[in-house]
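Note sheet for the following structure.
In the working numbering, the protein residues as written are 1 to 243.
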């Protein structure tokens, strides 16, 4: 099993805070967001190394982080070569870029570098193996109004994802996608297919595609989750992690 952290965005919604600092390196509690994620990955026995994909603008920041990280995992920083928000590859584009660069042919854990969550990743791996399919982690917000026009939303029958809506105005469920995925190696070619289209940015497009062309299940959790996309969500995360 391989692991990839997506950290190639430009976080323009958090300017000026992230104009000269990558969002995953913002400190929340006693460490940066990405260090929280790495500590979660460390307890997965099958993963020994992690690729972090970033852009040309922020590559030096992550290269410095790599030198100072205290982790048993091997960390590799990959530069996708983009220099601005306008020429970014997008989430699916970056996943495909790393798959091609590293010639990945194994099951792949993908986590967005601005994602803070309370569930255990070994639980996700156990669910992944039980279902023998790609999986997506969903946070149950209990109320459809909370996901309305804000998050990607999963529609499930049992645990199987039958459809996926990107920021719907009339959501069919309250299950918010958390940008934490485990892809079966047999599904990696679907990523290559979508990476060549105009839908290469939002990862929800990949989930919708897999729901129709393969099999993908939803891992639903109720512990805390923060999608650090606004100053409000950042402050909420800091309050939780500084307790």
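Glycine included, each C-beta is placed from N, C-alpha and C at the ideal position.
If you keep only unbroken alpha helix (DSSP H) runs of at least 4 residues inside the segment 41-117, you get 59-68 and 91-102. Contact between the segment 144-152 and the segment 83-93 is absent: fewer than three C-beta pairs spanning the two stretches fall below 8 Å.
For residue 206, same chain residues with a beta-carbon under 6 Å away, outside a window of 5 residues either side, are 92 and 194 in chain order.
The Cβ-Cβ distance between residue 218 and residue 136 falls below 8 Å. By the 16-neighbour rule on beta-carbons within 10 angstroms, residue 223 is exposed.
Residue 37 and residue 105 have their C-alpha atoms roughly 23 Å apart. In the three-state DSSP reduction, residue 39 falls in the helix class (H, G or I). Taking the C-beta atoms as reference points, residue 154 is found nearer than 8 Å to residue 175. At a Cβ-Cβ threshold of 8 Å, residue 54 and residue 8 count as neighbours. When 56, 185, 178 and 167 are compared, the shortest CA-CA separation from residue 226 is found for 178. Within the segment 133-172, the complete beta strand (DSSP E) segments of 3 residues or longer fall at 134-140, 152-157 and 160-166, listed in chain order.
The three-state secondary structure of residue 190, taken from DSSP, is helix.
Burial check for residue 63: the Cβ neighbour count within 10 Å stays below 16, so the residue is exposed. Of the residues assessed, residue 39 falls on the exposed side of the cut-off, its CB having fewer than 16 other CB atoms within 10 angstroms. Short of 6 Å from the beta carbon of residue 3, and not among the five residues preceding or following it, lie these beta carbons of its own chain, in chain order: 41, 47, 50 and 109. Residue environment: residue 23 is assigned as buried (16 or more neighbouring CB atoms within 10 Å of its CB, all protein chains considered). Residue 94 counts as buried, since no fewer than 16 other beta carbons sit within 10 angstroms of its beta carbon. For residue 126, the enclosing alpha helix (DSSP H) starts and ends at 121-131. Where residue 236 is concerned, there is no enclosing beta strand (DSSP E), although the alpha helix (DSSP H) around it starts and stops at 231-241. Residues of the same chain with a CB within less than 6 Å of the CB of residue 29, apart from the 5 flanking positions on each side, are 241 and 242 in chain order. Residue 185 sits away from residue 114, with the two beta carbons spaced by 8 Å or more. Put simply, the backbone Cα of residue 163 is about 15 Å away from that of residue 220.
Here residue 100 has no same chain residue with a Cβ atom under 6 Å from its own Cβ, once five neighbours each way along the sequence are excluded.
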